[in-house]
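Numbering (our numbering), first residue to last: 17 to 272.
Glycine included, every Cβ here is placed at the ideal spot set by N, Cα and C.
For clarity, every value in this text was computed on a predicted model and none was experimentally measured.
Some notes on the structure that comes next.
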């Protein structure tokens with residue numbers, strides 16, 4: 017699994033030292049049957065030269081312009097707060113020492129909706145009281161995705177479809193409105209197609225799409241083409257949305 021390494025430079029009036037922490041994995045994708053639970057671990061290692069104090073806690077997250085924004089646990093309707101327990105929540109790590117954080121996630125017998133959060137690992141020097149100067153803290157997080165087996169509903173609308181061609185730049189806009197009960201993360205492929213011959217002039221993958229339940233993702237991007245197309249009326253942008261499990265949708269956009 018992907019390993020995250022974190023460097024924090026702590027600036028002192030008398031010397032410099034570095035905190036270097038790694039956690040593994042960076043994500044946990046969890047699928048549970050109704051009325052069951054599972055146990056997972058996060059490995060935390062101190063790769064620096066200073067003994068550190070570690071605090072572990074749960075946060076919610078939501079998406080703003082495609083970027084994760086973090087909130088206290090319990091802030092969102094899809095929070096993991098009531099279904100997740102973490103142990104230990106505080107501990108110390110000597111240089112080159114590794115410890116595991118254990119967390120359990122459960123589901124109710126009638127549960128259907130997805131839940132999402134992040135477990136943060138935050139560290140600082142143990143001997144900070146003996147140091148002088150400015151202290152800096154920081155944190156790393158493991159993103160948690162929890163969904164219920166056979167209960168996820170992929171329901172959505174694709175709206176605000178627009179495309180325009182300006183010389184060699186192809187601009188594409190759309191909105192994906194999530195009407196279901198799980199996070200949508202489709203793979204979206206763009207193709208520029210000739211209406212008469214069905215030839216594909218250009219094909220590429222769109223930037224990553226993430227839409228939480230009841231929320232919308234706005235796709236707004238452009239691509240550089242290898243040549244200029246003078247007859248725009250013969251062109252169509254085809255967006256292919258692949259949600260997995262053979263669930264594929266196509267949307268056509270007239271080029272202006």
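Mapping the DSSP letters down to three states, classify residue i as helix, strand or coil.
i, result
"residue 184", "coil"
"residue 42", "coil"
"residue 101", "strand"
"residue 53", "strand"
"residue 247", "coil"
"residue 268", "strand"
"residue 221", "strand"
"residue 257", "strand"
"residue 151", "In this prediction, residue 151 has a pLDDT of 48, which is less than 50 and means its spatial position is unreliable; what the coordinates show is noted afterwards. DSSP places residue 151 in coil when its eight states are reduced to three."
"residue 231", "coil"
"residue 263", "coil"
Would you grab the beta carbon distance between residue i and residue j for me? Rounded to a whole angstrom, and I think it's under 8 angstroms.
i, j, result
"residue 256", "residue 205", "4 angstroms"
"residue 200", "residue 39", "At roughly 27 angstroms, the Cβ-Cβ gap does not stay under 8 angstroms, so residue 200 and residue 39 are not in contact."
"residue 140", "residue 68", "6 angstroms"
State the Cα-Cα distance for the pair residue i and residue j, rounded to the nearest angstrom.
i, j, result
"residue 134", "residue 49", "21 angstroms"
"residue 266", "residue 258", "9 angstroms"
"residue 183", "residue 225", "27 angstroms"
"residue 161", "residue 131", "6 angstroms"
"residue 196", "residue 173", "10 angstroms"
"residue 64", "residue 113", "10 angstroms"
"residue 232", "residue 187", "20 angstroms"
"residue 66", "residue 108", "11 angstroms"
"residue 116", "residue 41", "11 angstroms"
"residue 230", "residue 128", "15 angstroms"
Just to confirm, does residue i get its C-beta within under 6 angstroms of one of the non-hydrogen atoms of the ligand ZN?
i, result
"residue 257", "Among the components of this structure there are no ligands whatsoever, and the ligand ZN is therefore not found."
Applying the 10 Å Cβ sphere with the 16-neighbour rule, what's the burial state of residue i?
i, result
"residue 45", "exposed"
"residue 227", "buried"
"residue 242", "exposed"
"residue 51", "exposed"
Kindly indicate the opening and closing residues of the beta strand (DSSP E) around residue i.
i, result
"residue 199", "Looking at the DSSP string, residue 199 is not in any beta strand (DSSP E), and its letter there is neither H nor E."
"residue 76", "68-80"
"residue 141", "131-141"
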